[in-house]
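**Q**
Dropping the structure here:
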């Protein structure tokens, strides 16, 4: 198959994963209403996916080693497509918590597998694609959320909505599955030691994981708090507050879609460092909060600044892992995912806690510090792969192969 086919196949998987998440997000209010959950009870339930995904993601490397990235991706994305149906039939709060544990486990393990496949595909076709893959995840989420809004308006029940979307997305993912690139990561090497059953990152992978943590924390802070910040700090109306969130999310998604072209031209480290400087300026504008337009521009710069960090962290982790043998590739990606998504779990509570002790402005000082840290430590994306066979930027830039 051509590199375009390989790229399209894994891009479809990323979009499907995002679409499942977007579908579920639109019906959370309906699920809570059906079960008569208080905000506190709903918060407990929605904490469950984070728990199960963080527990199981470090184990996914072992599964990838046993069955290969392509098979693991096809299997786990199928489970993820079906997982929301369980939440639609949960009879009560304990039942919802149990189904959301399954939901989170499916989300996290599928995420690790598809990122491992993305890294393998990137190496296979010889050019950067991870940023655009994460951009396609966002597109899938936006599209499914938009469809969900129409479904809600049409007053369709949660179960038929989830069942219909599961069937559609399962079909799309399984059509794309056989077209995923067959790579070295799918070869079985009985002589190579298997990765640990449960392992957290260390050494160069830990450095990359901490860089990802410093990017994911501001990402979640922006997604969860942009609208709240504008309403509570600047007394903006709901429409203006929604615009702040939209500008942040759109800036991040667009730059992820365009990021690979920039990375190929300038290299991973300069791209991340320049973006993080812009993001730091954006976070400073948010903290300054002189008025709503300036603050919205700040959120936009923040979204742009951190957009490509996580995709590049996964790509770098995959290359670091491959230097220690094929079995360690999935393990390295799982380690980065665990730390990075741990930031997503911690961010909302830390932002809220700091705000309750001081103010939301002070909370975003922490965000600015973390984005500045990304700018200062971007070099780990290069140093982590020194001596490897296929670093993204051995001399500071990515070589662009001839067009297909």
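Residue numbers (the working numbering): 724 to 1127. Heads up, the beta-carbon is just placed ideally off N, CA and C, and yes, glycines get one too.
1) Can you tell which of 860, 1079, 801 and 821 has its C-alpha closest to the C-alpha of residue 771?
2) Between the alpha carbons of residue 1065 and residue 777, how many angstroms are there, rounded?
3) Given this structure, state the Cα-to-Cα distance separating residue 1033 from residue 935, to the nearest angstrom.
4) Just mark residue 727 as buried or exposed, buried being the case when its beta carbon has 16 or more other beta carbons within 10 Å.
5) If you follow the alpha helix (DSSP H) that residue 934 is in, where does it begin and where does it stop?
6) Give a yes or no on whether the C-beta atoms belonging to residue 1012 and residue 1018 are separated by under 8 Å.
7) Give me the residue from 888, 833 and 773 with the minimum Cα distance to residue 1131.
8) What residue from 995, 1071 and 1015 has the CA that sits closest to residue 1100's CA?
9) Where in the stretch 800-852 do unbroken runs of the alpha helix (DSSP H), each at least 4 residues long, occur, reported from the N-terminal end onward?
10) I'd like to know whether the C-beta atoms of residue 748 and residue 868 end up nearer to each other than 8 Å.
11) Reducing DSSP to helix, strand and coil, say where residue 878 ends up.
12) When you compare only the Cα positions, how much space is there between residue 881 and residue 891?
13) Could you round the C-beta distance between residue 896 and residue 979 to whole angstroms and report it? I think they count as a contact, below 8 Å.
14) Which residue marks the beginning of the alpha helix (DSSP H) containing residue 767, and which one marks its end?
15) Give me the Cα-Cα distance between residue 758 and residue 1096, rounded to the nearest whole angstrom.
16) Below 8 Å on the Cβ atoms is my contact criterion, and I expect residue 862 with residue 741 to pass it. Report the Cβ-Cβ distance as a whole number of Å.
17) Just tell me which of 781, 814 and 970 has its CA closest to the CA of residue 831.
18) Just how far apart, CA to CA, sit residue 761 and residue 800?
19) Taking the alpha carbon of residue 940 as the point to measure from, which residue in 793, 1086 and 745 has its own alpha carbon closest?
20) In the DSSP assignment, the alpha helix (DSSP H) including residue 752 goes from what residue to what residue?
21) May I ask you to verify whether the stretch 953-962 touches the stretch 843-856, counting CB pairs closer than 8 Å and requiring at least 3?
22) Which residue wins for smallest C-alpha separation from residue 955, given the options 827, 1009 and 931?
23) If you draw a straight line from the C-alpha of residue 975 to the C-alpha of residue 815, how long is it?
24) Which residue wins for smallest C-alpha separation from residue 893, given the options 957, 798 and 1063?
25) What residues in its chain sit with their C-beta under 6 Å from that of residue 812, if we drop five residues either side in the sequence?
26) So what's residue 869 in DSSP terms, helix, strand or just coil?
27) Rounded to whole angstroms, how far is the Cβ of residue 828 from the Cβ of residue 775, which I believe are closer than 8 Å?
28) Flag this pair as yes or no: are the beta carbons of residue 1021 and residue 1006 separated by less than 8 Å?
29) Residue 1126 by DSSP, collapsed to three states: which one?
30) In angstroms with no decimal places, state the Cα-to-Cα distance between residue 1077 and residue 1071.
31) Classify residue 824 as buried or exposed, calling it buried when 16 or more other Cβ atoms lie within 10 Å of its own Cβ.
32) Taking 8 Å as the cut-off, decide whether the C-beta atoms of residue 1104 and residue 1039 are in contact.
33) Report the option in 754, 743 and 836 whose CA atom is closest to the CA atom of residue 805.
34) Decide if residue 678 is buried, meaning its Cβ has at least 16 other Cβ atoms within 10 Å, or exposed.
35) From 860, 948 and 733, pick the residue whose C-alpha is nearest to that of residue 1083; which is it?
36) May I ask you to report which of helix, strand or coil DSSP gives residue 1113?
**A** Quick look at the numbers:
1) 821
2) Approximately 7 Å, taken between the alpha carbons.
3) 5 Å
4) exposed
5) 927-956
6) yes
7) Past the edges of the chain, shown from 724 to 1127, lies residue 1131, and the structure says nothing about it.
8) Checked all of 995, 1071 and 1015; the closest Cα to residue 1100 is 995.
9) 816-848
10) yes
11) Coil at residue 878, not helix or strand.
12) 15 Å
13) Not really, about 21 Å apart at Cβ, beyond 8 Å.
14) 762-779
15) 43 Å
16) 7 Å
17) 781
18) 31 Å
19) Minimum Cα distance to residue 940 is reached at 1086.
20) 726-757
21) no
22) 1009
23) It is roughly 37 Å from the alpha-carbon of residue 975 to the alpha-carbon of residue 815.
24) 798
25) none
26) helix
27) Contact flag correct, Cβ pair sits at about 4 Å.
28) By the CB criterion at 8 Å, residue 1021 and residue 1006 fall inside the cutoff.
29) Per-residue confidence for residue 1126 stands at a pLDDT of 33, beneath the threshold of 50, marking its modelled position as unreliable; no derived number is given.
30) 10 Å
31) buried
32) yes
33) Check the Cα spacing between residue 805 and each of 754, 743 and 836: the tightest is with 743.
34) Nothing about residue 678 can be reported from this structure: the residues present for the chain run from 724 to 1127 only.
35) Among 860, 948 and 733, the Cα nearest to that of residue 1083 belongs to 948.
36) Because the pLDDT of residue 1113 is 39, which lies under 50, any placement of that residue in the model is unreliable, and the question is left without a value.
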